[in-house]
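Q: Chains A and B are the protein sequences, given in the same order. Just so we're aligned, residue 210 is where the first sequence starts under the working numbering, counting upward by one. Just so we're aligned, residue 182 is where the second sequence starts under the working numbering, counting upward by one. Don't be surprised by glycine CBs; every beta carbon is placed ideally from N, CA and C. Can you keep this structure in mind? I'll have questions shortly.
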Amino acid sequence: MTVRAFGDRAFLIEIEQRIDPSIVDAARAIADTWERRGLGEAIPAYASVVVTFDPARTAWKDAADAARALAAEPPARPAPVEGRLIEVPTIYDGPDLADTAARSGLSPSELVSLHSGREYRALFLGFMPGLAYCGTVDPRIVAPRLTSPRQRVPKGTVAVATGQTLVYPVDSPGGWRLIGRTDLAVFDPSHEPAALIRAGDRLRFVPR
Amino acid sequence: MIRIALPGLRATIQDRGRTGHAREGIPPSGPADPVAFAAALELAGCGPGDAAIEVVGLPFAFRCDDLRVVAVTGREVRVRTRGRVPGWTSVLARPGEEVVVEGTAVTRFAYVAVSGGIALPPVLGSRTTYLAAALGPLPRPLVVGDALPLGPGGLGVEGAGRSIDVPAYGGTVRAVAGPHDRRFGDETVAAFFGHAFIVLPESDRMGVRLAGPALAPPADDLLTCGIVAGAVQVPRGGAPIVLLADHQTTGGYPIIATVVSADLGIVAQSAPGEYLRFERVTPEDAIRSG
Chain A
210 MTVRAFGDRA
220 FLIEIEQRID
230 PSIVDAARAI
240 ADTWERRGLG
250 EAIPAYASVV
260 VTFDPARTAW
270 KDAADAARAL
280 AAEPPARPAP
290 VEGRLIEVPT
300 IYDGPDLADT
310 AARSGLSPSE
320 LVSLHSGREY
330 RALFLGFMPG
340 LAYCGTVDPR
350 IVAPRLTSPR
360 QRVPKGTVAV
370 ATGQTLVYPV
380 DSPGGWRLIG
390 RTDLAVFDPS
400 HEPAALIRAG
410 DRLRFVPR
Chain B
182 MIRIALPGLR
192 ATIQDRGRTG
202 HAREGIPPSG
212 PADPVAFAAA
222 LELAGCGPGD
232 AAIEVVGLPF
242 AFRCDDLRVV
252 AVTGREVRVR
262 TRGRVPGWTS
272 VLARPGEEVV
282 VEGTAVTRFA
292 YVAVSGGIAL
302 PPVLGSRTTY
312 LAAALGPLPR
322 PLVVGDALPL
332 GPGGLGVEGA
342 GRSIDVPAYG
352 GTVRAVAGPH
362 DRRFGDETVA
372 AFFGHAFIVL
382 PESDRMGVRL
392 AGPALAPPAD
402 DLLTCGIVAG
412 AVQVPRGGAP
422 IVLLADHQTT
432 GGYPIIATVV
442 SADLGIVAQS
452 APGEYLRFER
462 VTPEDAIRSG
C-alpha cells in the first residue's frame with residue numbers, strides 16, 4: 210500500500226490498481242477504522258481510500274502517522290455483505306450502444322445479452338448521490354471511458370466503462386458509455402435512505 | 182423573515198457543508214469561497230454552523246422584517262442601503278429597508294449573511310443546497326418574493342460597522358503535488374507548476390475549468406478514487422479542472438495536484454479570461470501559514 214498527501218487535509222491510501230471484491234472489502238475496512246477513530250470522513254473506492262482530517266483538531270504529522278500505520282497494518286477484512294437483489298428494468302437504446310458493440314466485435318444484441326446475463330455487485334457509491342459502481346462486466350465488452358466527458362447525462366441512464374456498469378441517479382456530467390435507460394429511481398431525496406442501492410447489494414439488468 | 186426583492190442569477194442557501202455522507206455519493210457542497218463565507222457569518226454575528234446566501238450574478242436585493250445586522254463578502258462587492266458601504270463590513274438593516282448587493286465584472290460568488298442566520302430545517306444534517314440532485318431545505322435558486330425564516334437576531338446596533346480585511350484575489354494559489362503526480366512524471370508536473378492557465382467560462386460550483394499547456398495524462402487509466410475539494414483533475418484531453426464545493430465524491434481522472442484549502446476561494450472567484458498559477462507547497466507549509 211502507498212500513502213500520498215491529498216492536499217492539506219487528506220491522504221490517499223492506495224491498496225493496488227485492481228478491481229476485486231476482496232480489495233473493495235479491504236478498502237471499506239480501512240475507511241471504517243479511520244472513521245471509528247473519529248479522525249474524519251473516509252471515502253473508500255475500488256482499491257483505495259481517501260481519509261480526511263481537520264487540521265484544527267489533528268496535527269498533519271499525527272494524521273500522516275495514522276494513515277501510514279493503517280496502510281502498514283490494515284484491519285482484518287470483514288465478511289462480505291450478502292446484500293439484496295435489485296432488478297433494474299432496462300431499455301437498451303443508449304447512444305453509445307452500437308459503437309461500444311462494434312469496438313467489442315459484438316452485435317448490439319450480443320452486447321445486451323452479455324450485459325443483462327449476469328449478476329453484478331454494488332462495490333461502492335460515489336461520484337453523485339446514490340450512484341453505485343457495479344462489477345464486473347463481461348470482459349468481452351470493451352469500453353474505455355470517453356476522452357471528453359458529456360456535459361449532461363440524463364438520470365436513469367445505464368452505462369458501462371472499464372469493466373463496470375452503473376445507473377446515473379440524477380442528471381449529471383459523465384464520461385461513461387451509455388447503452389440503455391431505466392425508470393427505476395436510484396436516488397430520491399424524499400426517501401430515507403435517499404440512495405436505493407447500498408454497497409454490497411446485487412443488481413440484475415432485465416431487458417424490456 | 183428575509184424577503185428577496187432581486188434574486189441575482191443564481192442564489193442558493195449554503196452552510197459550511199453537508200459532511201458525513203460521502204459514502205452515499207453525496208458531495209459536501211457548502212460555499213464555493215469558504216473564506217468569504219466564514220467572514221460574512223462572523224461579521225453578521227452568526228455562528229460558524231449557520232446558513233447564509235451565496236449569490237452568482239449580482240445585483241441581489243432583499244428586505245428584513247425586523248432590525249438585523251447584515252454582511253456581504255466576496256470579490257469586489259458593495260452594499261447599498263441609505264448610502265454605499267464597501268463589502269466585508271457589517272451593516273445595519275432597518276425593518277423593511279431595501280438592501281442591494283452590487284458587484285463588478287469580476288465578481289463571481291457573493292455571500293449575504295444576516296444576523297440570526299437562515300433558519301430553514303436541515304436536510305441530511307445541513308442547510309446547504311446541492312442543485313444537481315435537488316438536495317437541501319430549499320433545493321432551487323431563490324426567486325423574487327421568497328421569504329425565509331431567520332433565527333433570533335443576536336447583534337444590535339453595536340454589531341454594525343465592523344470590518345474584515347479583503348483577501349487578495351487572483352493570480353497565484355498554493356497547491357500540493359499529487360496524489361497522482363508520480364504517474365504524470367516530473368516533466369508534466371513541472372509544466373503544471375511552471376505555467377499560467379486561463380480560466381474558462383464553463384466554470385461553476387463544481388469546478389473551475391482551465392486552458393493552458395496541454396498536460397500529458399498518464400498512459401494507463403486509473404481506478405476511480407475518492408476526491409476532496411481542490412483536486413486538480415486532468416482528463417484525457419489534458420485541460421485541467423480544479424474541483425470545488427459541488428465536486429463529485431469520487432472520480433476517475435488522475436489528479437496532478439491539490440489546491441490547499443485556504444486558497445479554494447481564490448480559485449472559485451477567478452473570472453473567465455483571468456490567469457491562475459499554481460505555487461508548489463508542502464501540506465505542512467500550507468497548514469502553518471493558514
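#1: Quick one: measure Cβ to Cβ for residue 258 of chain B and residue 189 of chain B, integer angstroms, because I've assumed they're closer than 8 Å.
#2: Would you verify that the beta carbon of residue 205 of chain B is, or is not, closer than 9 Å to some beta carbon of chain A?
#3: Going by alpha carbons, who is nearest to residue 187 of chain B out of B:239, B:227, B:224 and B:209?
#4: With a threshold of 16 other CB atoms inside 10 Å of the CB of residue 212 of chain B, please say whether the residue is buried or exposed.
#5: Give me the chain A residues within the contact set of residue 402 of chain B, using Cβ-Cβ distance strictly less than 7 Å, ordered along the chain.
#6: DSSP three-state label for residue 382 of chain B, please.
#7: According to DSSP, is residue 254 of chain B helix, strand or coil?
#8: How far does the beta strand (DSSP E) with residue 186 of chain B in it extend, from its first residue to its last?
#9: Return helix, strand or coil for residue 262 of chain A, following the three-state DSSP convention.
#10: Take residue 416 of chain B and list the residues in its own chain whose beta-carbon comes closer than 6 Å to its own, dropping the five residues that flank it on each side.
#11: Residue 418 of chain A by DSSP, collapsed to three states: which one?
#12: Who are the near neighbours of residue 338 of chain A in its chain, counting only those whose CB is closer than 7 Å to its CB and skipping five residues on each side?
#13: Helix, strand or coil for residue 413 of chain B per DSSP?
#14: Which two residues bound the contiguous beta strand (DSSP E) that contains residue 348 of chain A?
#15: At which residues does the beta strand (DSSP E) containing residue 287 of chain B begin and terminate?
#16: Let me see if you follow: with CB-CB separation under 9 Å, is residue 432 of chain B close to chain A or not?
#17: Among B:427, B:359, B:430 and B:470, which residue has its Cα nearest to the Cα of residue 371 of chain B?
#18: Which runs of the beta strand (DSSP E) spanning at least 3 residues fall entirely within the stretch 396-464 of chain B, listed in chain order?
#19: Assign residue 199 of chain B to one of two classes, buried (16 or more other C-beta atoms within 10 Å of its C-beta) or exposed (fewer than that).
#20: What are the uninterrupted segments assigned as beta strand (DSSP E) that are 3 or more residues long and contained completely in the stretch 275-336 of chain A, given in chain order?
#21: Would you please verify whether the beta carbon of residue 247 of chain A is less than 9 Å from any beta carbon of chain B?
#22: From the DSSP output, read off the bridge partner residues of residue 433 of chain A.
#23: Among A:276, A:263 and A:268, which has the Cα closest to the Cα of residue 239 of chain A?
#24: If you measure from the beta carbon of residue 210 of chain A to each beta carbon in chain B, is any gap under 9 Å?
#25: Say whether the stretch 431-449 of chain B touches the stretch 190-197 of chain B, bearing in mind that this needs 3 or more beta-carbon pairs closer than 8 Å, one atom from each stretch.
#26: Below 9 Å between beta carbons: does that hold for residue 382 of chain B and residue 453 of chain B?
#27: Are residue 279 of chain B and residue 242 of chain B touching if we call contact CB-CB under 9 Å?
#28: Taking Cβ positions, are residue 420 of chain B and residue 395 of chain B nearer each other than 9 Å?
A: Short version:
#1: With a Cβ gap of about 12 Å, residue 258 of chain B and residue 189 of chain B do not count as contacting.
#2: For residue 205 of chain B, the nearest CB of chain A lies under 9 Å from its own CB, placing it at the interface with that chain.
#3: When the alpha-carbon of residue 187 of chain B is set against those of B:239, B:227, B:224 and B:209, the nearest one is in B:239.
#4: Counting every other CB atom within 10 Å of its CB across the protein chains shown gives residue 212 of chain B a total of 16 or more, marking it as buried.
#5: Per Cβ cutoff of 7 Å: 353, 354 and 371.
#6: DSSP places residue 382 of chain B in coil when its eight states are reduced to three.
#7: In this structure, DSSP gives residue 254 of chain B an extended state, which the three-state scheme calls strand.
#8: Start and end: 183-187.
#9: It is coil, neither helix nor strand.
#10: Within the same chain, and ignoring the five residues on either side of residue 416 of chain B in sequence, the residues whose Cβ sits closer than 6 Å to its Cβ are 434.
#11: Residue 418 of chain A is absent from the structure shown; chain A starts at 210 and stops at 417.
#12: Result list for residue 338 of chain A: 378, 379, 396, 403 and 404, in chain order.
#13: Here DSSP, grouped into helix, strand and coil, assigns residue 413 of chain B to strand.
#14: Counting along the chain, residue 348 of chain A sits inside no beta strand (DSSP E), nor does DSSP assign it H or E at all.
#15: Taken as a continuous stretch (DSSP letters only), residue 287 of chain B belongs to no beta strand (DSSP E), as it is neither H nor E.
#16: Interface residue, yes.
#17: Looking at B:427, B:359, B:430 and B:470, the one whose alpha-carbon comes closest to that of residue 371 of chain B is B:359.
#18: Counting only unbroken stretches of 3 or more residues, the beta strand (DSSP E) elements lying wholly within the stretch 396-464 of chain B are 412-414, 422-424, 436-440 and 456-461, in sequence order.
#19: Buried, because 16 or more other Cβ atoms sit within 10 Å of the Cβ of residue 199 of chain B.
#20: 294-299 and 329-334, all fully within the stretch 275-336 of chain A.
#21: Not an interface residue.
#22: Residue 433 of chain A cannot be examined here, being either before or after the span of chain A that is shown, 210 to 417.
#23: Among A:276, A:263 and A:268, the Cα nearest to that of residue 239 of chain A belongs to A:276.
#24: Chain B, which has no Cβ nearer than 9 Å to the Cβ of residue 210 of chain A, makes this no.
#25: No contact exists between the stretch 431-449 of chain B and the stretch 190-197 of chain B.
#26: Yes, the pair counts as a contact, with Cβ atoms nearer than the cut-off.
#27: Taking 9 Å as the cut-off, the beta carbon of residue 279 of chain B is found closer than this to the beta carbon of residue 242 of chain B.
#28: The answer is yes: Cβ separation under 9 Å.
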